[in-house]
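Here our numbering is used: position 109 in the sequence shown is 1581, and no number is missing along the way.
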Amino acid sequence: MSLIPDVLGNLFRKRATVMYPEERREPPESLRGKLSFDRSKCIGCRLCWRVCPASAIEIVKDDKGFRPVFHIYRCIYCYLCVDVCPVKAIKPTREYENVALRKEDLVVR
1473 MSLIPDVLGN LFRKRATVMY PEERREPPES LRGKLSFDRS KCIGCRLCWR VCPASAIEIV
1533 KDDKGFRPVF HIYRCIYCYL CVDVCPVKAI KPTREYENVA LRKEDLVVR
């Protein structure tokens, strides 16, 4: 019989969820979202690749030298790459939707 007060109390509480994706809440300031990469700033130092504990960064050679490719589906959002980048080519965002039909769509080149 002790469940009845709990059930009745919950009937009149404000709901805790929203009808996502139609209704969206503003993410908190402390949210660790997707990474943003400015290729024009990158100097190809490979420091981001060295510090990534999840192996989410691959280094590829292009016409300007080396550049990182970010595999967002592997990222653990530790932001070590953001902290170590000497030219601030990698920046955090508050974008949190990591949904894609293909794995390739979760790669930042």
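Ideal Cβ placement from N, Cα and C applies to all residues, glycine included.
Keep in mind it's a predicted model, so treat the numbers as computed, not measured.
For Lys1575, the secondary structure class from DSSP, reduced to helix, strand or coil, is helix.
For Asp1555, the uninterrupted alpha helix (DSSP H) segment begins and ends at 1552 to 1556. Only buried fits Arg1539, as 16 or more other CB atoms lie within 10 angstroms of its CB. CA-to-CA, the gap between Leu1507 and Ile1531 works out to about 16 Å. Look at the beta carbons and you see the region 1511 to 1518 not touching the region 1483 to 1494: under three pairs across the two are nearer than 8 Å. In terms of Cα proximity to Ile1544, the closest of Phe1484, Ser1474, Val1579 is Val1579. Taken atom to atom, the span from the alpha-carbon of Thr1565 to that of Pro1477 is near 43 Å.
Scanning its chain for C-beta atoms nearer than 6 Å, with the 5 sequence neighbours on each side dropped, one finds around Ile1548 the residues Ala1526, in chain order. Less than 8 Å divides the Cβ of Cys1520 from the Cβ of Ile1562.
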